[in-house]
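Novice: Numbering (my numbering), first residue to last: 37 to 249. A single structure is presented below for examination.
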Ligand code: SAH
């Protein structure tokens with residue numbers, strides 16, 4: 037495995053400055069982005085890792101753009117030791133950012149190849165979430181309720197099952213919409229039947245699909 041050099045660290049600090057200029061204000065999110073070696077999640081494209089863009093990974097999926105990862109993480113309003121369900125492990129980059137923020141992460145991926153790759157990579161870098169291979173539409177009822185739920189694929193609708201697995205006072209963040217256009221959506225569970233909802237502009241994600249592959 038390649039190393040995390042001073043050159044990588046330097047590029048990463050410049051990325052953090054860029055994210056600040058783009059409006060990310062949460063210092064703990066910026067610090068986490070500053071610590072995760074994104075180039076180790078990208079293999080062939082490693083020299084592009086600190087450019088603020090999404091890139092292809094295996095199985096036709098993408099590693100999210102750093103700005104998007106920072107934006108979603110900021111919206112989660114994480115507290116230390118929050119129990120977080122992440123739908124869409126993908127490269128594991130977002131998972132690592134959550135763990136840097138001292139969340140306890142439960143991450144689900146529907147593509148077996150990506151699930152295995154992330155399970156091999158993350159622990160080597162010192163990141164130890166609970167990994168699951170399965171359909172994120174079903175959540176993880178056995179481990180619920182969660183303080184926070186983060187969907188990292190474009191969800192045509194917010195799955196009711198996931199809202200059921202959120203604690204009262206908990207927050208779910210998801211890009212909601214079809215095709216390649218989603219609206220970033222923040223939902224707080226006020227009580228069993230009432231939710232507060234806010235929206236935060238357009239993003240573009242690979243789709244949240246049903247079933248496993
Ligand atoms: N957080 C990832 C983003 C990967 S892209 C990263 O930083 O790299 C979104 C991922 O969601 C893809 O890997 C895709 O396979 C996965 N996905 C899509 N629908 C899903 C579902 N229903 N359950 C679990 N994972 C899903």
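Glycine included, every Cβ here is placed at the ideal spot set by N, Cα and C. Computed from a prediction, not measured in an experiment: that's the story for all the values here.
Compute the Euclidean distance between the alpha carbons of residue 81 and residue 75, then round it to the nearest angstrom.
Specialist: For this step, residue 81 is matched to residue 45 along the chain shown. For this step, residue 75 is matched to residue 39 along the chain shown. Each residue's alpha carbon lies about 8 Å from the other.
Novice: Do you know how far the Cα of residue 227 is from the Cα of residue 9?
Specialist: As shown, the chain starts at 37 and ends at 249. That puts residue 9 outside it, with no answer to give.
Novice: In whole angstroms, what separates the C-alpha of residue 136 from that of residue 229?
Specialist: Sequence index remark: in the chain shown, residue 136 carries index 100 (1-based). Sequence index remark: in the chain shown, residue 229 carries index 193 (1-based). Rounded to the nearest angstrom, the two C-alpha atoms are 33 Å apart.
Novice: Please give the ranges of any alpha helix (DSSP H) in the region 133 to 217, keeping only runs that are unbroken, at least 4 residues long and fully inside the region.
Specialist: Here the runs fully enclosed are 148 to 157, 196 to 200.
Novice: For residue 67, which residues from the same chain have a beta carbon less than 7 Å from its beta carbon, with the 5 sequence-adjacent residues on both sides left out?
Specialist: Within the chain shown, numbered from 1, the residue matching residue 67 stands at position 31. Closer than 7 Å at Cβ, skipping near neighbours: no residue.
Novice: Count the other CB atoms, across all protein chains shown, that sit within 10 Å of the CB of residue 223; report buried if there are 16 or more and exposed otherwise.
Specialist: To locate residue 223, count along the chain shown from 1; it is residue 187. It counts as buried.
Novice: Any heavy atom of ligand 1 closer than 7 Å to the CB of residue 213?
Specialist: What you label residue 213 is simply residue 177 of the chain shown in a count that begins at 1. For ligand 1, not one heavy atom lies less than 7 Å from the Cβ of residue 213.
Novice: Can you tell me where the beta strand (DSSP E) with residue 232 in it begins and where it stops?
Specialist: By 1-based counting over the chain shown, the position of residue 232 is 196. 231 to 239 is the extent of the beta strand (DSSP E) around residue 232.
Novice: Using only alpha-carbon positions, find the residue among 141, 175, 133 that is nearest to residue 118.
Specialist: Residue 118 sits at position 82 when you count from the first residue of the chain shown. When only C-alpha atoms are compared, the closest one is 141.
Novice: Which of the three DSSP states is assigned to residue 91 in this structure?
Specialist: Within the chain shown, residue 91 is the residue found at index 55, counting from 1. In this structure, residue 91 counts as strand in the three-state DSSP scheme.
Novice: Touch check for the region 182 to 199 and the region 159 to 168: three-plus C-beta pairs under 8 Å?
Specialist: No: the two stretches stay apart, fewer than three of their Cβ pairs being nearer than 8 Å.
Novice: What residue range is occupied by the uninterrupted beta strand (DSSP E) comprising residue 122?
Specialist: For the purposes of this step, residue 122 is taken as residue 86 along the chain shown, with counting starting at 1. Note, residue 122: beta strand (DSSP E), 119 to 123.
Novice: Less than 8 Å between the beta carbons of residue 192 and residue 214, yes or no?
Specialist: Counting from one through the chain shown, the residue named residue 192 turns up at place 156. Counting from one through the chain shown, the residue named residue 214 turns up at place 178. Contact flag set, yes.
Novice: Whole-angstrom Cβ separation of residue 99 and residue 93, contact assumed at under 8 Å?
Specialist: The count along the chain shown starts at 1 and reaches residue 99 at position 63. The count along the chain shown starts at 1 and reaches residue 93 at position 57. About 5 Å separates the two Cβ atoms, so the contact holds.
Novice: Starting from residue 77, trace the alpha helix (DSSP H) in both directions and tell me its first and last residue.
Specialist: The residue given as residue 77 occupies position 41 in the chain shown. Looking at the DSSP string, residue 77 is not in any alpha helix (DSSP H), and its letter there is neither H nor E.
Novice: Using beta-carbon positions only, say whether residue 144 and residue 172 come within less than 8 Å of one another.
Specialist: Against the chain shown, residue 144 aligns to sequence position 108. Against the chain shown, residue 172 aligns to sequence position 136. Taking 8 Å as the Cβ cut-off, residue 144 and residue 172 qualify as a contacting pair.
Novice: Does the beta-carbon of residue 69, which I'm using as the reference point, lie nearer than 7 Å to any heavy atom of ligand 1?
Specialist: For the purposes of this step, residue 69 is taken as the residue at position 33 of the chain shown. Not under cutoff, so the answer is no.
Novice: Beta carbon of residue 41: closer than 7 Å to some heavy atom of ligand 1?
Specialist: Residue 41 sits at position 5 when you count from the first residue of the chain shown. It does not: the Cβ of residue 41 is nowhere closer than 7 Å to a heavy atom of ligand 1.
Novice: If you measure between the beta carbons of residue 183 and residue 120, is that distance less than 8 Å?
Specialist: For this step, residue 183 is matched to residue 147 along the chain shown. For this step, residue 120 is matched to residue 84 along the chain shown. Contact: yes.
Novice: Measure the CB-CB distance between residue 212 and residue 194 and report whether it falls below 8 Å.
Specialist: Taking the chain shown and counting its residues from 1, the one referred to as residue 212 is at position 176. Taking the chain shown and counting its residues from 1, the one referred to as residue 194 is at position 158. Against a cut-off of 8 Å, the Cβ pair of residue 194 and residue 212 comes out as a contact.
Novice: I think residue 48 touches residue 70, with their Cβ atoms under 8 Å apart; what is that distance to the nearest whole Å?
Specialist: As a first step, residue 48 is located in the chain shown; it is residue number 12 there, counting from the start. As a first step, residue 70 is located in the chain shown; it is residue number 34 there, counting from the start. Indeed, because the Cβ distance is near 6 Å, the residues count as touching under 8 Å.
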